[in-house]
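J.: Protein chains in written order, with this note's numbering: chain B, 437 to 1095; chain S, 77 to 197; chain R, 1274 to 1454. The structure follows.
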Amino acid sequence: MRELLFHIIAFKNLPLGVVGGAAIWIILLPLANFVLLGLGKKYLKNIARIFSTVLLFVATIIALNIAYHYFFIDGKVNGVYQTINVYQMHWLSFTETMHVEIGIQLDALSVMMLVVVTFISLMVHLFSLGYMKGEERYCNYFSYLGLFTFSMLGLVVATNLLQLYMCWELVGISSYLLIGFYFQKPSAVAAAKKAFIVTRFADLGLLIGILILSFNTNSFNFQTIIQTLTNTQSSSFISITASSFLGMSTLTWALVLIFIGGAGKSAMLPLHIWLPDAMEGPTPVSALIHAATMVVAGVFLVAKLFAVFAINVTALQLVAFVGIASALFAAIIACTQTDIKRVLAYSTMSQIGYMMFALGVSKYGGEEGLGYSAALFHLFTHAFFKSLLFLCAGAVIHLVHSNEMKDMGGLKKLMPITHIAFLIACLAIAGVPPFAGFFSKEEILSAAYQNNKTIYIIALITSAITAFYMFRLYFSIFWNKPHDSRLTAHHSEGTLTMKLPLIILMVCAATVGFIPFSEFLSSNNQPYHSAINIGFSILPVLLGLGGILLAGILYFKQNNKADKITNSFQVIYKAAYRKFYIDELYLFITKKIIFNCIGKPAAWFDRNIIDGCMNGIASVASFISTSIKNIQSGKVQHYTLYFFAGVAVLLMAVLYVWS
Amino acid sequence: MIELLFHITAFKSLPLGEVGGALTHIIILSTALFFIGMYGLFTRRNMITMLMSIELMLNSVNINFVAFNKYLYPDKMDGIFFSIFIIAIAAAEAAVAIAIIINLYRTHKSIDVDDVTDLKQ
Amino acid sequence: MKAVDIIFYCIATFVLTTGILAVTTRKIFRSAIWLLFCLMGVAALYFWMNANFIAAIQIAVYVGGIVVLIIFSIFLTQQSGNQMPKPNSLRIIVASVASLIGFGLLLQLYNKQVFQTTNKNFDIDIATLGKQLLSTDANGYALPFEVISMLLLAAMVGCIVIAMKASPTPPKEGLKKEEIL
């Protein structure tokens, strides 16, 4: 048995021992979950939820074990974290050097992501046990979660760009399935379609980028690509940087296109429009996919190729500016939304914007690469507090049966645990010490400060706005006005399995900030020490507290101060409330311009030319057939005569033509 | 008539006694018989007479087989065997055809092919 | 001109004349009789070609079997004394033109082809013929023989089924076939 296990997990080339090889099980268990629940839902109906949660629990244990071994025991050689190909299967060979593999690559980034994905997924599974109880398509839900977890894990351990792309599309599919989970609602179907189409559109960029990059480096493999392109003497590097198209080199184009793919998945401006609508899915799904894991795939992608991005200033600046613009833009919109999940969605977008611009302002290597570690640190902490926020929102929605803020208020008595958890998560996201968000945000801000003052100032403003809208949310839900009298203590916070993940995540959100992240993850895999500069962090913390205070004044008690302010800034408020008309702009472009200029002519062409040809052929055929129908007289002798005529023609051909 | 045809087609008739002469004569005879059969097949409307024409055509084929066997491969017997099999098949075919004709006569009260145009639809 | 040549021309003339009469005469019974003569002429041709066995089969099966069968079916379906309706002249023209064209084309074909005949003796020993017909050697015809026997059986069954449909009594044609065999 053990032998077999070793064999399956390709034990041979394992510096990490059995533990690293077990990584394949982390991926296969959710796949097994998906396949078994998907195919056997008739038989597994009763144990489906326990089954999938247990499978995921095992996967999480293995992931934590791998992380422990990697970071603390034998992942580091000579002070550098190694990149290990645990498992590699040759799949398709295009040329001698260029082939597609399916494999598992463990480096610090992948291991961190493995932990985050499995852990958050486990929490979401636990929460779903209670939240989705009584749902008709329970089995489907868990099997989709399995598919998502599988593909996300496959994405983070990908050894090459093509495997990453495949898993990238798979997470897109599972996101589509889960957003459209309540397919009876037309809005859910529309949202699912929107998410799929927008990300698909962006993925086209990613695919083209991958092809350009691979064509020039002759490989899909991350390590090979990075080695080829960081070696400035190599012929590939010279050719890819020399040839230019529309003023940018091929490399820049490739990176920009790849970033467009990442921006689509990570809901960066202007491809963000799908994310708020994606909140139509079940809330635990939003916590898992649209907050903690899938939407950070863009950040992961840029981080994975960071060594390449770092040599190209143009692409990196694009990342930085798109990131900061998205962060500010989403934060402003979040202040005006009334649907709590939409507020959280915009806050997610804003935080991912933080990660993006942190990557954008970073440089490669050592202390200079502070932005890189900070971005991933923020990814890590954000996963915890944002999924916690979503799960709390889920618990609240479960109780109130509404997404709207006006239906809530004064819930702190009814749901004490949710209240505390939400408060801690809000403090974390607002960057109040000593909660997790403080540490990562400080690193991001100091990286921005070192690199680009403009970005630093915008980031500061954004962080104040973040604190404001998060506490606006918090006060509106838990304080503001006395709770609806129809809600009694009978409507409590749900089962233990709903409370447990909240508590676990609460502890994480409060403490993970103390992890010295840069000692584990850095742009060149060499650990370094980064310290918090107390003097530097005073300003952001004060701004955050100011935001909280403002929110408190406006929303702690029911009053009309907020309305007054919105009335005096009517135009701006309206614009922000309507999400700056981006959706309308898209609709205008698609409906008015694309449909009218391309769609209508295409439809006309289809109706008149293509269908016309077909109809013409049909009518000609029918005309001919009616006219030759008389040949079919039913008289045997006529048939014989035709037969003879045919033979005679052939005979003549043989006699006079061929000879 | 045949002379005219020979003239039109520029047919050089070999004397019977020469090499290939006898064979050529025989296959011309069989070809003529074949086309007589075909003429009958086209003009006759009665099914029994059509069947007779078909028998004529089969006979012409048989003549060919035997003639080729005799003049080209006299030490073999394959042509003879083919003739035997063709005769056997012709017998079976005639029997089946006559069964069909009689059945048709029962249902249509006629064995005129022009009356039986059920193939049309 | 040698005697054999004269005999050949006589046989050929006889066969063609009776053949033409068989397909043109308007009395169906006469047509069958002309066919009978024509087939006998072909048998004579086989005798002329020294293929005695085939000639014997020709007389036994065609003259004795098929033509009798045809005459029999004429009795079943026609008033034999009546003249058949005259076929329309267009059809006659088309048919004769088609036949002449086909004949002419084939003559052209023969004109191009020179047969390298041999003058070896062609004597068929009926004993060797029978042995080879039933042998399973490389040149044996046992398999086609069996296949033909299956075909005849199938044809016999088919005749009975086809002709039996209307009346429950076994029709005579089916029985007739056994006579042929």
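In this text, a Cβ means the ideal position worked out from N, Cα and C, and glycines have one as well.
Does leucine 1408 (chain R) have its Cβ less than 7 Å from a Cβ in chain S?
T.: What sits at residue 1408 (chain R) in the sequence shown is serine, not leucine. Not closer than 7 Å to any Cβ of chain S, the Cβ of serine 1408 (chain R) fails to qualify, so no.
J.: Between the C-alpha atoms of isoleucine 776 (chain B) and glutamate 840 (chain B), what's the straight-line distance to the nearest angstrom?
T.: Distance between the alpha carbons of isoleucine 776 (chain B) and glutamate 840 (chain B) is about 6 Å.
J.: Out of curiosity, what's the CA-to-CA distance linking leucine 741 (chain B) and isoleucine 1045 (chain B)?
T.: Distance between the alpha carbons of leucine 741 (chain B) and isoleucine 1045 (chain B): 48 Å.
J.: What three-state label does DSSP hand phenylalanine 619 (chain B) in the structure shown?
T.: If DSSP states are grouped into helix, strand and coil, phenylalanine 619 (chain B) belongs with coil.
J.: Mind checking which residues open and close the alpha helix (DSSP H) that includes tryptophan 710 (chain B)?
T.: First-last of the alpha helix (DSSP H) with tryptophan 710 (chain B): 710-713.
J.: If you follow the alpha helix (DSSP H) that asparagine 521 (chain B) is part of, which residue opens it and which one closes it?
T.: Here asparagine 521 (chain B) belongs to no alpha helix (DSSP H); instead the beta strand (DSSP E) covers 520-529.
J.: Have a look at isoleucine 891 (chain B) and leucine 687 (chain B) and give me their C-alpha separation to the nearest angstrom.
T.: So the two alpha carbons sit approximately 25 Å from each other.
J.: Output the distance between the C-alpha atoms of leucine 1454 (chain R) and serine 1055 (chain B), rounded to the nearest integer angstrom.
T.: Unreliable placement is indicated for leucine 1454 (chain R), whose pLDDT of 47 sits below 50; the coordinate value is still reported in the next sentence. Each residue's alpha carbon lies about 56 Å from the other.
J.: Per DSSP, which residues does glutamate 840 (chain B) bridge with? Please list them.
T.: DSSP, once it has assigned bridges, lists B:Asp775 as partnering glutamate 840 (chain B).
J.: Where do the ends of the alpha helix (DSSP H) carrying histidine 101 (chain S) lie?
T.: It spans 97-119 - the alpha helix (DSSP H) in which histidine 101 (chain S) sits, taken as one unbroken run.
J.: Counting only runs that start and end within the region 1017-1061 of chain B, where is the alpha helix (DSSP H) found for 4 or more residues in a row?
T.: The region 1017-1061 of chain B contains these whole alpha helix (DSSP H) runs: 1018-1023 and 1036-1040.
J.: Measuring only the C-alpha atoms, how far is glutamine 1331 (chain R) from alanine 1427 (chain R)?
T.: Glutamine 1331 (chain R) and alanine 1427 (chain R): Cα-Cα distance of roughly 23 Å.
J.: Under 7 Å between C-beta atoms, does arginine 1364 (chain R) make it to chain S?
T.: Arginine 1364 (chain R) counts as touching chain S.
J.: What's the C-alpha gap between isoleucine 1399 (chain R) and phenylalanine 1326 (chain R)?
T.: The alpha-carbon atoms of isoleucine 1399 (chain R) and phenylalanine 1326 (chain R) are separated by roughly 7 Å.
J.: Please list, in chain order, all residues of the same chain as isoleucine 187 (chain S) whose beta carbon is under 7 Å from its beta carbon, the five residues on each side excluded.
T.: Result list for isoleucine 187 (chain S): Asn122, Met123, Ile124, Ile177, Leu180 and Tyr181, in chain order.
J.: Kindly say whether serine 159 (chain S), judged by its beta-carbon, lies nearer than 7 Å to any beta-carbon of chain R.
T.: Judged by the 7 Å Cβ criterion, serine 159 (chain S) is in contact with chain R.
J.: Return the chain-ordered list of same chain residues with a C-beta closer than 6 Å to the C-beta of methionine 588 (chain B), the five sequence neighbours on each side being excluded.
T.: The answer, listed in chain order, is Val553, Val607 and Thr729.
J.: How would you write the range of the alpha helix (DSSP H) that leucine 1318 (chain R) sits in, first residue to last?
T.: Leucine 1318 (chain R) -> alpha helix (DSSP H) spans 1301-1321.
J.: Going by C-alpha to C-alpha distance, which of B:Ile788, B:Gly789, B:Ala810 and B:Gln787 sits closest to serine 798 (chain B)?
T.: Serine 798 (chain B) has its Cα closest to that of B:Ala810, out of B:Ile788, B:Gly789, B:Ala810 and B:Gln787.
J.: Can you pull the chain R residues whose beta carbon is under 7 Å from the beta carbon of serine 1091 (chain B), in chain order?
T.: One detail in the question is off: residue 1091 (chain B) reads as leucine in this sequence, not serine. Within chain R, the residues near leucine 1091 (chain B) are Leu1378, Gln1381 and Leu1382.
J.: Given that a residue counts as buried once 16 or more other Cβ atoms are within 10 Å of its Cβ, and exposed if not, what is lysine 69 (chain S)?
T.: Lying before the first or after the last residue shown, residue 69 (chain S) is absent from chain S, which here runs from 77 to 197.
J.: Hey, out of B:Gly566, B:Phe681 and B:Asn657, whose CA is closest to leucine 835 (chain B)'s CA?
T.: That would be B:Gly566, whose Cα lies nearest to the Cα of leucine 835 (chain B).
J.: Which same chain residues end up closer than 6 Å to alanine 624 (chain B) when comparing Cβ atoms and leaving out the 5 residues on each side of it in sequence?
T.: Counting only Cβ-Cβ distances below 6 Å, and skipping sequence neighbours, we find Gly616, Tyr618 and Glu716.
J.: Pull up the distance between the alpha-carbon of asparagine 482 (chain B) and that of leucine 492 (chain B), whole angstroms please.
T.: So the alpha carbons of these two residues sit roughly 17 Å apart.
J.: For leucine 1406 (chain R) and isoleucine 1067 (chain B), what's the separation of their Cα atoms in angstroms?
T.: Looking at the two C-alpha atoms, the distance is approximately 45 Å.
J.: Under a Cβ-count criterion, where at least 16 other Cβ atoms within 10 Å of its own Cβ denotes burial, should lysine 630 (chain B) be classed as buried or exposed?
T.: Label assigned to lysine 630 (chain B): buried.
J.: If we ignore side chains and look at the alpha-carbon of each, how far apart do aspartate 190 (chain S) and threonine 183 (chain S) end up?
T.: For aspartate 190 (chain S) and threonine 183 (chain S), the distance between alpha carbons rounds to 15 Å.
J.: Looking at chain S, is there any beta carbon in it that lies within less than 7 Å of the beta carbon of valine 1085 (chain B)?
T.: Chain S contact via Cβ: absent.
J.: Whether or not the region 574-591 of chain B and the region 464-483 of chain B are in contact is what I'm after, with contact meaning three or more pairs of Cβ atoms, one per stretch, closer than 8 Å; do they touch?
T.: A contact exists between the region 464-483 of chain B and the region 574-591 of chain B.
J.: Would a check of beta-carbon distances place asparagine 1066 (chain B) closer than 7 Å to chain R?
T.: It does not: the Cβ of asparagine 1066 (chain B) has no partner Cβ on chain R nearer than 7 Å.
J.: In the DSSP assignment, what residue or residues form a beta bridge with asparagine 657 (chain B)?
T.: BP columns for asparagine 657 (chain B) point to B:Asn596.
J.: Measure the C-alpha to C-alpha separation of arginine 1043 (chain B) and leucine 649 (chain B) and round it to an integer number of angstroms.
T.: Their Cα atoms are separated by approximately 41 Å.
J.: For valine 732 (chain B), which three-state DSSP category applies?
T.: Here valine 732 (chain B) sits in helix by DSSP.
J.: If you follow the beta strand (DSSP E) that glutamate 131 (chain S) is part of, which residue opens it and which one closes it?
T.: Careful: glutamate 131 (chain S) lies outside any beta strand (DSSP E), inside the alpha helix (DSSP H) at 123-148.
J.: Mind checking who methionine 684 (chain B) pairs with in its DSSP beta bridge?
T.: Methionine 684 (chain B) is bridged to B:Phe681.
J.: Identify which residue in B:Phe1005, B:Met704 and B:Gly645 has its Cα closest to the Cα of valine 692 (chain B).
T.: Ranking B:Phe1005, B:Met704 and B:Gly645 by Cα distance to valine 692 (chain B) puts B:Gly645 first.
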